[in-house]
Amino acid sequence: MRHVILFVHGMGTKPYTLPAAFQRGITEAFARGVREAGHRAPPAEALAWREAPWADVVQPDQNALKRRLDVRGKLREFMVSSLGDVVAYAKLPYPPDKYGQIQRRFAEAMRAIAEEAAARATTPTRLTIISHSLGSVIASDGVYELQQSGQFPTQLALVNFFTMGSPIALFGLRYGLEHFTKPIRPKIWVNFFYPEDLVGYPLKPLNAAYHQAVDEDLRLAPAWASAGLWRGITRLAIAQVPLLRSLESHSWYFSDRRVSRRIGELLAQQWRS
1 MRHVILFVHG MGTKPYTLPA AFQRGITEAF ARGVREAGHR APPAEALAWR EAPWADVVQP
61 DQNALKRRLD VRGKLREFMV SSLGDVVAYA KLPYPPDKYG QIQRRFAEAM RAIAEEAAAR
121 ATTPTRLTII SHSLGSVIAS DGVYELQQSG QFPTQLALVN FFTMGSPIAL FGLRYGLEHF
181 TKPIRPKIWV NFFYPEDLVG YPLKPLNAAY HQAVDEDLRL APAWASAGLW RGITRLAIAQ
241 VPLLRSLESH SWYFSDRRVS RRIGELLAQQ WRS
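Residue numbers (my numbering): 1 to 273.
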């Protein structure tokens with residue numbers, strides 16, 4: 001059965017699209033898992049990749065702010081590009097409602113996938129969402145709003161939700177932890193995080209609702225492991241500088257083989273089920 005994978009990028013300046021090496025790592029782990037289970041190699045179209053880009057909604061104002069304030073230096077760039085996204089992603093009762101604009105982008109991506117699924121199959125198409133950083137919040141909000149409004153496409157079945165370096169736990173502060181009790185309920189939710197990552201946190205300890213909704217908080221330690229020899233050596237050097245390690249590790253998920261392997265193997269397990 002065909003499986004659609006929707007990628008929602010995170011905050012900052014990159015990557016806006018799913019890195020080719022990360023996609024390839026997932027695809028290879030998936031194909032290997034299918035073969036090891038005794039099945040024939042899956043067809044090339046077994047996994048269909050889609051994206052829900054949203055950066056262009058917030059980028060113009062960020063670029064203007066950088067010019068007006070003459071923003072320079074890595075830390076200031078990080079503050080404007082990354083925390084600026086978080087600040088912009090807020091519901092407003094007046095324009096420009098960037099929250100609404102971003103959510104419309106997500107809904108449009110879901111609608112396009114649903115229309116394609118309806119033309120190909122009579123049963124719901126399996127959907128996996130892979131999200132990074134603020135993208136995990138956007139995807140979670142998007143699924144929740146579609147479900148609450150009764151507009152979640154009936155042609156899709158949300159099977160997996162993979163979050164990498166997710167700040168969802170921090171957004172609990174906006175509502176109060178005891179009121180932050182309505183997570184989405186995919187069949188499987190795996191949350192990847194580095195203990196060094198300033199943005200990504202575990203989710204199961206939040207409260208009873210998240211403990212039940214999230215299947216696994218996968219702590220990736222040490223952060224420099226499983227990234228290939230030379231990249232691993234570079235990360236090991238970075239790991240010796242705490243602040244640099246905390247900033248850089250937020251983007252390491254895409255080249256961490258533990259992440260791509262876990263996702264690919266899980267997709268393989270679901271291939272014939």
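Glycine residues also receive a C-beta, built at the ideal position from the N, C-alpha and C atoms.
- Boundaries of the beta strand (DSSP E) around A48: 47-51.
- With a beta-carbon spacing of about 7 Å, V58 and G84 fall inside the 8 Å limit used to define contacts.
- Remark: three or more beta-carbon pairs, one from each stretch, lie closer than 8 Å, so the stretch 44-56 and the stretch 1-17 are flagged as touching.
- Here the C-alpha atom of W49 lies approximately 19 Å from the C-alpha atom of S140.
- Where F193 is concerned, there is no enclosing alpha helix (DSSP H), although the beta strand (DSSP E) around it starts and stops at 188-193.
- In the pairwise beta carbon analysis, the stretch 256-263 is classified as not touching the stretch 173-182: fewer than three pairs are separated by under 8 Å.
- Taking the Cα positions, D61 is about 49 Å away from R35.
- Between the beta-carbon of P195 and that of A221 there is about 6 Å, and that keeps the pair under the 8 Å contact cut.
- Across the structure, F192 and G165 are spaced so that their CA atoms are roughly 6 Å apart.
- Close CB contacts of T181 within its chain, under the 7 Å cut and outside five residues either way in sequence, are with N207, A209 (chain order).
- Where S131 is concerned, there is no enclosing alpha helix (DSSP H), although the beta strand (DSSP E) around it starts and stops at 125-132.
- The three-state secondary structure of R219, taken from DSSP, is strand.
- In this structure, DSSP gives I5 an extended state, which the three-state scheme calls strand.
- Boundaries around N63 are those of the alpha helix (DSSP H), 55-69, since no beta strand (DSSP E) includes it.
- Here N160 is buried: its Cβ has 16 or more other Cβ atoms, across all protein chains shown, within 10 Å.
- Shown here, L266 sits in a helix according to DSSP, grouped into three states.
- The beta carbons of L267 and T128 sit about 7 Å from each other, so the pair counts as a contact at 8 Å.
- Residue range 84-88 is occupied by the alpha helix (DSSP H) that includes V87.
- Distance from the Cα of R120 is smallest, within the candidate group A52, V4, F78, for V4.
- Contact between S82 and G150 is absent: CB atoms are separated by about 34 Å, not below the 8 Å threshold.
- Q212 is positioned such that its CB atom lies no closer than 8 Å to that of G33.
- Judged by beta-carbon spacing, L47 lies within the 8 Å limit of F30, meaning their Cβ atoms are closer than that value.
- The alpha-carbon separation between T125 and R111 amounts to approximately 13 Å.
- In this structure, the beta-carbon distance from V199 to S133 falls below 8 Å.
- Residue pairing by DSSP places N160 opposite T128, I188 in a beta bridge.
- In this model, H39 and G25 are separated by some 20 Å (Cα to Cα).
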